[in-house]
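Each residue of the sequence shown is one higher than the last, beginning at 216 in the working numbering. C-beta atoms are modelled at their ideal positions from N, C-alpha and C, and glycine is treated no differently.
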Amino acid sequence: MNRREFSKNSVLLGVGALTGFPKSSQARVQNESGDYYDEPAKRLPIRKFDVVVAGAGTGGVVAALAAARQGAKTMLIERKGYAGGTVTEGGTALHSFYNLWKAFPGAKKRQVVRGIASEIVDRMIAIGACSGHAEMVRGYDYDSVCTAIDTEMYKLVTMQMLDEAGVFIAVNTLLTGAIMDGKRIRGAIVESRSGREAIYAGAFVDCSAYGDLAAFAGADYKVPNDYACCNSIGLANVDLDGYVAHLEEHGGSNQLAYGIRSGEPGKVVRFNGGLGGEFSAEARKIGMSSMITTVQDNYLMFVKCNFKVPGSVINRDDMAKAELEVRKRQAKAAELFRKYVPGCKKAFIARTSPTLNIRRGRLITCDYDVTHEDVIEGRHFDDDIMAYGFHDSAPRYQIKNGGTYGIPYRALLAAGTENLFCAGMMITSDHRPHMSTRNTVACMGQGQGAGTAAALCAKKNCGSRDLRYNDLREALVKAGVYFES
Ligand SMILES: Cc1cc2nc3c(=O)[nH]c(=O)nc-3n(C[C@H](O)[C@H](O)[C@H](O)COP(=O)(O)OP(=O)(O)OC[C@H]3O[C@@H](n4cnc5c(N)ncnc54)[C@H](O)[C@@H]3O)c2cc1C
């Protein structure tokens with residue numbers, strides 16, 4: 216892709232835009248002794264789109280691609296400078312494109328999440344930035360495959376795909392408000408170095424993880440704070456094979472998969488296991504888990520230090536304390552590796568996330584709430600938008616017979632709003648099914664459902680509840696989405 220092609224498609228905000236802030240960016244000082252400052256009203260420039268997606272993360276990238284591919288003029292708003300979200304910052308592997316066939320003798324191996332999510336991974340595999348769908352040889356009652364990615368290349372690949380699809384990518388842009396017309400969102404308000412703007416559209420998708428757009432639009436929400444936060448680190452200069460060999464010698468790793476690593480097949484790409492003794496005792500104190508994936512030699516992609524935020528994950532000051540605490544834990548984690556893990560004497564932190572990663576922010580009330588029984592019984596609905604077969608609490612909870620359950624369209628509709636779809640970790644109230652629906656590949660599938668529906672609604676100028684399900688289903692099937700139970 217050359218420079219001209221790139222700028223033709225995605226008008227990255229800031230390039231050739233304003234040369235200085237308008238006078239309206241300055242406000243006059245008022246009574247300094249009071250407790251409040253009355254901010255003067257501002258005149259905002261309006262940009263118009265068919266679909267606006269908030270958050271270029273796991274679900275948002277796919278939602279924007281899906282909407283744009285339906286022909287919708289689509290804007291994607293992202294506060295960071297890149298796409299990919301928690302996929303690139305938090306986890307271990309992409310859970311999961313497959314059903315749990317290995318745990319159920321007789322169950323057929325099936326790729327149950329296809330469509331755009333699968334296309335992204337295929338592009339990653341093609342450039343050597345993914346382990347492939349590596350079959351688990353140990354720990355397969357948890358997941359039957361390990362699909363690990365190079366986090367930095369994921370940022371590039373997803374942004375390139377968005378650009379190719381003609382999505383207007385507004386990175387380094389914070390969504391700060393909603394303009395309401397009754398229960399209908401008319402516009403989103405954004406802030407960037409190019410100023411404050413009003414973004415109008417026919418349909419909106421909230422993929423911000425925190426449910427920011429839904430909250431601004433007045434949707435009902437809770438903040439369960441039922442998970443620990445984390446900022447996982449990439450640890451470089453480690454002797455992976457030495458570490459694995461040591462684990463094998465001392466009781467072994469209870470998870471193991473061989474896939475493509477540094478371009479070579481048949482290499483360990485996933486393992487799990489502490490060293491016991493002092494290492495494990497110290498690791499516990501900093502919430503460090505030792506489940507590890509990688510697609511590069513001498514590199515551990517995700518070493519996680521978990522921390523349960525006292526207070527609220529949507530409170531700035533609580534999170535500021537947590538950011539500091541987790542960074543201390545990360546430094547300690549690297550120290551423990553250097554001290555105890557064979558071949559890691561010179562290990563160092565090569566990557567951290569710019570902000571803490573949450574496992575749940577706001578829980579947005581939607582028309583339907585996926586239940587524990589829906590998931591483990593493998594239920595499907597008349598308005599499914601995808602099928603999914605992974606549970607992060609396996610083997611305790613698994614989907615019946617290694618099959619799939621469906622996520623219904625209704626589960627994406629923010630209650631009390633007319634044109635707002637939600638996708639990703641912000642849906643599903645019960646912690647148990649949330650341990651399934653919040654996983655990356657489920658969020659990507661939800662993104663495809665939500666983005667496609669938003670584009671169809673914008674095209675037909677109808678509300679989210681007036682869309683004919685058959686039209687949505689037809690579009691999803693055409694785009695390769697899988698629905699089998
Ligand atoms: C530590 C950790 C480990 C995990 N491990 C795994 C794992 O191994 N496998 C797995 O499948 N899943 C794992 N998960 C779960 C999974 O990664 C997440 O649930 C999923 O990626 C969430 O996707 P999302 O689209 O909801 O949000 P995200 O991917 O977080 O995307 C949200 C995006 O919105 C942006 N945003 C937020 N607010 C605004 C705003 N106001 N304006 C503009 N942009 C905004 C954010 O910057 C972000 O890019 C893990 C999660 C965590 C935190």
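Label residue i either buried or exposed according to how many other C-beta atoms from any shown protein chain fall within 10 Å of its C-beta, with 16 as the threshold for buried.
i    : result
V336 : buried
K500 : exposed
P623 : buried
S651 : buried
G666 : buried
N676 : exposed
A232 : With a pLDDT of only 46 at A232, under the threshold of 50, the placement of this residue in the model should not be trusted; the figure read from the coordinates follows. Exposed is the call here.
A256 : exposed
L701 : The question about residue 701 has no answer here: the residues shown for the chain are numbered 216 through 700.
N469 : exposed
A535 : exposed
T303 : buried
A344 : buried
L539 : exposed
E699 : exposed
A341 : exposed
D265 : buried
D396 : exposed
Using DSSP's beta-bridge definition, name the partner residues of residue i.
i    : result
C444 : F522
P260 : In the DSSP output, where bridge partners are listed per residue, P260 has none listed.
C581 : A629
A694 : In DSSP, A694 forms no bridge with anything.
P623 : D599
G321 : Note: G321 sits in no beta bridge, so no partner.
C345 : I364
M290 : V267, F383
G433 : Bridge partners of G433: none, in fact.
N204 : Here the chain comprises residues numbered 216 to 700, so residue 204 is not present and cannot be evaluated.
I614 : I614 is not bridged to any residue.
A717 : Because the chain in this structure spans residues 216 to 700, residue 717 falls outside the shown range and cannot be described.
For the beta strand (DSSP E) containing residue i, name the first residue and the last one.
i    : result
Q511 : Where Q511 is concerned, there is no enclosing beta strand (DSSP E), given that its DSSP letter is neither H nor E.
L635 : 635-637
T273 : Segment 273-284 is the alpha helix (DSSP H) holding T273; no beta strand (DSSP E) there.
M395 : 389-396
Q783 : With the chain running from 216 to 700 in the structure shown, residue 783 is simply not present.
P480 : 479-487
L471 : 470-476
G402 : 399-407
A565 : 563-566
Taking the alpha-carbon of residue i as reference, which of the options has the nearest alpha-carbon?
i    : options                : result
L627 : V656, V386, A443, V420 : V420
D441 : L578, A418, R338       : L578
D582 : A332, I642, A673       : I642
F696 : R329, D599, A498, M374 : Position check: residue 696 holds Val in this sequence, whereas Phe was assumed. It is R329 whose Cα lies nearest to the Cα of V696.
L389 : A403, R680, K317, N634 : A403
Y369 : D533, G249, R594, S333 : S333
V268 : Q470, Y603, F431, C422 : C422
R625 : S651, I475, F596       : F596
L259 : A413, H646, T632       : A413
E493 : V556, Q511, P610, A565 : V556
A630 : E540, K615, T580, D607 : T580
Y313 : Y620, A430, N469, G526 : Y620
D253 : L291, R243, I261       : R243
T273 : M290, A472, Q661, M503 : Q661
L671 : A657, E689, T655       : E689
L447 : V518, Q326, R325       : Note on identity: in this sequence residue 447 is Ser, with Leu being the wrong assignment. Comparing Cα positions, the closest option is V518.
M374 : M290, R399, A430       : M290
Q663 : F636, A673, H649       : F636
F431 : A349, G449, G392, S407 : G392
S346 : R408, V360, R353, D356 : V360
Assuming residue i is part of the alpha helix (DSSP H), what are its boundary residues?
i    : result
G660 : 655-675
D589 : 587-591
F494 : 492-500
S651 : 646-652
Compare the C-beta of residue i with all C-beta atoms of chain D and state if any pair is closer than 8 Å.
i    : result
F563 : Note that chain D does not occur in the displayed structure, where there is just one protein chain.
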